[in-house]
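Under the UniProt record's numbering, residues 1 to 252 are what the sequence shown spells out, in order. As structure tokens, the structure follows; a few thoughts come after it.
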Amino acid sequence: MKELIFPVWKEIGESTHVLTKVISDQIGEVCAHTGTLDPMASGVVVVLGGLTRFDKSRYSDGAKKYEVEVVVGVSTDTEDLMGLVRHISPETVALSDLHQSESLKIGHQLQIPHVFSALRTKDAPRKVTLHSIDIMFGDAITRDQLMATCKSNIGSVQGDFRQAQILNRWAQCQDELSETLPTLRLKLTTSRGFYVRSLIRDLGYELNIPLVILALTRVENAGFKKGDCVRDKLEQHVRLASTSREPIGNHN
């Protein structure tokens with residue numbers, strides 16, 4: 001059986017489902033992916049073609065690595081930029097408070113999936129694991145930079161996700177934002193099923209500080225990294241897969 005395993009890089013705004021369908025059409029095989037990325041996220045998506053898709057758990061059960069940039073002082077109903085603004089408040093946060101936070105505790109935890117998630121049942125806690133986390137301060141972002149990023153990223157999203165309503169709310173709230181806002185940078189290693197937006201939601205509630213994700217990138221998935229992605233070389237890798245049982249890409 002030929003193994004059709006395609007690590008591909010999803011850009012901000014793209015749909016994981018649509019991306020998988022495009023690859024399916026290109027290679028002429030039924031495909032499935034091993035885990036959805038939010039529209040506003042970028043990163044490695046693993047697409048499985050043909051009979052390989054029935055071995056999904058082999059590629060979805062491993063740890064995933066993320067890099068996250070978070071703006072302090074504003075929050076939305078989705079915890080990322082593609083949400084309706086809920087709270088704005090000039091805030092700062094101490095690294096000591098973050099290091100002592102229960103939300104950022106290493107180990108197993110029960111996490112309630114975000115209401116805006118791919119899951120059908122969103123109110124049942126799920127057992128997930130935070131394997132590691134590094135936290136640091138990022139560069140401050142200006143109000144104008146934040147607004148420009150909102151317009152650009154939301155404008156790139158495929159499908160109907162309240163874009164017009166969301167952009168209108170951001171515009172209405174623009175003058176309430178501080179001229180500069182602090183940011184945090186997080187590097188996470190998590191289990192399957194871990195929702196980064198749920199983590200930021202819980203952290204904001206715990207510290208009573210509005211937080212919103214500015215950028216979310218899945219930098220590693222099933223051992224595949226950005227350099228392993230084969231999106232622009234699909235035909236070549238399909239030919240290789242047809243003569244080999246080895247997974248496509250440099251799977252570490």
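Ideal placement from N, C-alpha and C gives every residue a C-beta, glycine not left out.
- request: Pull up the DSSP beta-bridge partners for residue 41, would you.
  value: Numbered from 1 along the sequence shown, position 41 holds the residue referred to as residue 41. DSSP output for residue 41 lists 216 as bridge partner(s).
field: Backbone CA spacing between residue 230 and residue 4 [nearest angstrom]
entry: Residue numbering aside, residue 230 sits at position 230 when the sequence shown is read from its first letter. Residue numbering aside, residue 4 sits at position 4 when the sequence shown is read from its first letter. Distance between the alpha carbons of residue 230 and residue 4: 12 Å.
query: Using a Cβ-Cβ cut-off of 8 Å (strictly less than) and excluding sequence neighbours within five positions of residue 9, which residues of its own chain qualify?
result: Counted from its first residue, the sequence shown places residue 9 at position 9. Apart from the 5 residues on each side of it in sequence, residue 9 sits with its Cβ closer than 8 Å to the Cβ of 42, 43, 44, 45, 226, 229 and 231 in its chain, given in chain order.
field: Buried or exposed by the 16-neighbour rule on C-beta atoms within 10 Å, applied to residue 80
entry: As a first step, residue 80 must be located in the sequence shown, where it is residue number 80. Around the C-beta of residue 80, 16 or more other C-beta atoms lie within 10 Å, and the residue is accordingly described as buried.
- request: Would you mind working out which of 193, 135 and 219 sits nearest residue 60, comparing C-alpha positions?
  value: Counted from its first residue, the sequence shown places residue 60 at position 60. Of the candidates 193, 135 and 219, the one whose C-alpha sits nearest the C-alpha of residue 60 is 193.
message: On the CB-based measure, 16 or more other CB atoms within 10 Å of its CB, does residue 243 come out buried or exposed?
response: Here residue 243 corresponds to residue number 243 of the sequence shown, with the count starting at 1. Below a pLDDT of 50, predicted positions are generally treated as unreliable, and residue 243, at 44, falls in that range; no measurement from the model is reported.
field: Check whether residue 216 and residue 40 have beta carbons under 8 Å apart
entry: For this step, residue 216 is matched to residue 216 along the sequence shown. For this step, residue 40 is matched to residue 40 along the sequence shown. In contact: residue 216 and residue 40 (Cβ atoms closer than 8 Å).
message: Taking contact to mean 3 or more Cβ pairs, one atom from each stretch, closer than 8 Å, check whether the segment 137–147 and the segment 101–113 are in contact.
response: With a cut-off of 8 Å, the segment 101–113 and the segment 137–147 do not count as touching, because too few Cβ pairs lie within range.
- prompt: In chain order, which continuous runs of the beta strand (DSSP E) of length 3 or greater are located wholly inside the segment 27–78?
  reply: With a minimum length of 3 residues, the continuous beta strand (DSSP E) runs that stay inside the segment 27–78 are 31–33, 41–49, 64–72 and 74–76.
- request: Could you check the C-alpha separation between residue 91 and residue 55 for me, to the nearest Å?
  value: Against the sequence shown, residue 91 aligns to sequence position 91. Against the sequence shown, residue 55 aligns to sequence position 55. C-alpha of residue 91 to C-alpha of residue 55: approximately 47 Å in a straight line.
query: Between residue 52 and the rest of its own chain, which residues show a CB-CB distance below 7 Å, the 5 nearest in sequence each way excluded?
result: As a first step, residue 52 must be located in the sequence shown, where it is residue number 52. Cβ within range, chain order: 3, 4 and 5.
message: Pop quiz: residue 68 and residue 213 are said to be a contact at Cβ under 8 Å. What is the actual Cβ separation, rounded to whole angstroms?
response: Here residue 68 is taken as the residue at index 68 of the sequence shown, counted from 1. Here residue 213 is taken as the residue at index 213 of the sequence shown, counted from 1. Between the beta-carbon of residue 68 and that of residue 213 there is about 6 Å, and that keeps the pair under the 8 Å contact cut.
- prompt: Are the beta-carbon atoms belonging to residue 180 and residue 71 less than 8 Å from one another?
  reply: As a first step, residue 180 is located in the sequence shown; it is residue number 180 there, counting from the start. As a first step, residue 71 is located in the sequence shown; it is residue number 71 there, counting from the start. In this structure, residue 71 does not lie closer than 8 Å to residue 180 by Cβ.
message: Between which residues of its own chain and residue 19 is the CB-CB distance below 7 Å, once the five residues before and five after are set aside?
response: Residue 19 sits at position 19 when you count from the first residue of the sequence shown. The residues are 8, 10 and 45.
message: With distance defined between alpha-carbon atoms, name the residue in 195, 76 and 131 nearest to residue 117.
response: Your numbering for residue 117 matches position 117 in the sequence shown. Checked all of 195, 76 and 131; the closest Cα to residue 117 is 195.
Opening and closing residue of the beta strand (DSSP E) in which residue 107 lies: By one-based count along the sequence shown, residue 107 stands at place 107. Here the beta strand (DSSP E) through residue 107 covers 107–111.
- prompt: Got a sec, what are the start and stop residues for the beta strand (DSSP E) residue 184 sits in?
  reply: In the sequence shown, counting from the first residue as 1, residue 184 sits at position 184. Here the beta strand (DSSP E) through residue 184 covers 183–190.
field: As assigned by DSSP and simplified to three states, the class of residue 199
entry: If you number the sequence shown from 1, residue 199 lands on position 199. In the structure shown, the three-state DSSP call for residue 199 is helix.
query: With a CB to CB cut of under 8 Å and the five nearest residues on each side skipped, what residues in its chain are close to residue 83?
result: Along the sequence shown, read from residue 1 onward, the residue named residue 83 stands at position 83. So the list reads 76, 77, 116, 166 and 212, once near-sequence residues are dropped.
message: Excluding the 5 residues flanking residue 251 on each side, which residues of the same chain have their C-beta closer than 6 Å to its C-beta?
response: Residue numbering aside, residue 251 sits at position 251 when the sequence shown is read from its first letter. Residue confidence is low: residue 251 scores 42 on pLDDT, short of 50, so the model does not pin down where it sits. Its coordinate-derived value is still stated next. Within the same chain, 223 come within 6 Å of residue 251 by CB-CB distance, once the 5 residues on both sides are set aside.
message: Within a Cβ cutoff of 8 Å, which residues of the same chain sit near residue 93, ignoring the five residues on either side of it in sequence?
response: Against the sequence shown, residue 93 aligns to sequence position 93. Result list for residue 93: 72, 182, 184, 207 and 209, in chain order.
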